[in-house]
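Engineer: This structure is in structure tokens; I'll ask about it shortly.
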Amino acid sequence: MSRFLVPSKAGLVEYVPGEQPPRGEFIKLNTNENPFEPPQRSIDYIAQVAKGLNIYNDTRCSRLTETFASYYDIARENVIFSNGSDEVLAFCYLAYCGGENDIAYPDITYGFYSVFSQLFNIRGQEIPLKDDFTIDITDYFGCGRVVLIANPNAPTGIVLPLSDIEQIVINNPDNIVIIDEAYADFSGQSAMQLTKKYKNLIVVGTFSKSRSMAGARLGYAVGDAELIADLNRIKFSFNPYNVNAMTQELGAISIEEDDYFKGCINEITTTRDWFVAEITKLGFDTLPSGANFVFTRNKRLAGEHIYSYLRDNKILVRHFGADKIKDYLRITIGTAEDMAKVVSCLSSI
Ligand SMILES: *Cc1c(COP(=O)(O)O)cnc(C)c1O
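Each residue of the sequence shown is one higher than the one before, starting from 922 at the first, in our numbering.
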């Protein structure tokens, strides 16, 4: 740390991303990536787009916006794209938090929310989940703050029904409600269409998980046109070129290659359900998951111990140290073949 860093940044507790070891070293199930490559057409396209990189990219992401809006049946003014969804979440903080406006989110959720609260100097109120890791929606009614909820939640995988989301939105008429749908494609439900009905709802999503594009960095927010205009105001004051030309085209191709996308999701959710059944036989308790990962524990073994055992066997999963969840592991669902190896390794503990 230099002596020039402003004091307010000196105490920042940074977000700790999951480990990214060299390819091939581990069966990598620690960061909720998709085990399948992007569609072949995306890979073919890269060489072609590289030729146009001397020209600045389209700040409005026109082709991607057109393709996305028509696929999801929304208007073009209702979506903004970003460099991963973390960036558009930061735009939401910059647009709607600060001064008197703070933010509420569950105590167990995506780690970046509290990092942004610190970075932007916002009071983040952590609302405890119930003992079964579900959300008590009444905790959020009339809470007088921006509400931020990941659905499915991470790292639990638990899905909050759309009717509950709608209740939270209805009961916060004077606050923004942000639903982070990073894993919604694996759950079969999305609050996106509710944004047509409620002017205080923003749905955030990412191409990182379900669309196999974690390394390309593409996220989005959907909401009322005035909200999207707010977020564009932030974007154009910070980095108008936030989504590079290649990523814009890869995003559009991903949406067009719909059979491939749905096939990958189907394979992952089928493997997830098989995997949960197998580890249940081994004495694991797994929270109900609507995501491409499961949150699981074995009452007879410490989480840390299982984590290390798997790691010694070249299988990388995620373990969090927080007290309430220290005996749980978050295991990303990889290919059926990889998950069979995990089952076999767990059965040998
Ligand atoms: C992975 C993840 C994100 C961020 O994804 P990006 O790669 O930045 O698009 C956002 N929210 C949750 C809950 C996530 O798990």
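Think of the CB as a built atom: it goes at the ideal place given N, C-alpha and C, for glycine as much as any other residue.
Could you tell me which residues DSSP pairs with D1101 in its beta bridges?
Structural biologist: Bridge partners of D1101: A1071, V1125.
Engineer: Compare the Cα-Cα distances from E1008 to each of Y1141, E1188, E1147, L926 and report the closest residue.
Structural biologist: When each option's Cα is compared against that of E1008, the closest is Y1141.
Engineer: For D1206, which residues from the same chain have a beta carbon less than 8 angstroms from its beta carbon, with the 5 sequence-adjacent residues on both sides left out?
Structural biologist: Once the five neighbours on either side are set aside, the close Cβ partners of D1206 are T1217, R1218, N1219, K1220.
Engineer: When DSSP builds the beta bridges, which residues end up paired with L1222?
Structural biologist: Paired residues: N1219.
Engineer: Cα-Cα, which of G932, S1006, N951 is closest to L1250?
Structural biologist: It is N951.
Engineer: With a threshold of 16 other CB atoms inside 10 Å of the CB of D1233, please say whether the residue is buried or exposed.
Structural biologist: Flag for D1233 reads exposed.
Engineer: To the nearest whole angstrom, what separates the beta carbons of L1139 and F1002, a pair I think is in contact under 8 angstroms?
Structural biologist: That belief holds up - the Cβ atoms of L1139 and F1002 are roughly 7 angstroms apart, short of 8 angstroms.
Engineer: Can you tell me which of the three DSSP states Q1088 falls into?
Structural biologist: Correct three-state label for Q1088: helix.
Engineer: Thinking C-beta only, is I1149 closer than 7 angstroms to T1192?
Structural biologist: Going by C-beta atoms, T1192 is not nearer than 7 angstroms to I1149.
Engineer: By the 10 Å Cβ neighbour count, where 16 or more other Cβ atoms means buried, how is F989 classified, buried or exposed?
Structural biologist: Its Cβ being crowded by 16 or more others within 10 Å, F989 is buried.
Engineer: Determine the extent of the beta strand (DSSP E) in which Q1046 is found, giving its start and end residues.
Structural biologist: First-last of the beta strand (DSSP E) with Q1046: 1045-1048.
Engineer: Is the Cβ-Cβ distance between I1089 and V1067 less than 7 angstroms?
Structural biologist: For I1089 and V1067, no; Cβs fall outside 7 angstroms.
Engineer: With a threshold of 6 angstroms, establish whether the CB of Y1031 neighbours any heavy atom of ligand 2.
Structural biologist: Among the ligands in the structure shown, ligand 2 does not appear; only ligand 1 can be found there.
Engineer: How about N869 and A1166: do their beta carbons lie closer than 7 angstroms?
Structural biologist: The structure shown does not extend to residue 869, since the chain is modelled only from 922 to 1270, so the question has no answer here.
Engineer: In chain order, what residues of the same chain lie with their CB nearer than 6 angstroms to the CB of K1247, ignoring the 5 residues before and after it?
Structural biologist: Excluding positions up to five away in sequence, the list reads G1224.
Engineer: With a cut-off of 7 angstroms, does the C-beta of R981 fall near any C-beta of chain B?
Structural biologist: In summary, chain B is missing from the structure at hand, where a single protein chain is found.
Engineer: Look at C1211 and P1073 and say whether their C-beta atoms are less than 7 angstroms apart.
Structural biologist: Before going further, note that residue 1211 is Gly rather than Cys in the sequence given. In contact: G1211 and P1073 (Cβ atoms closer than 7 angstroms).
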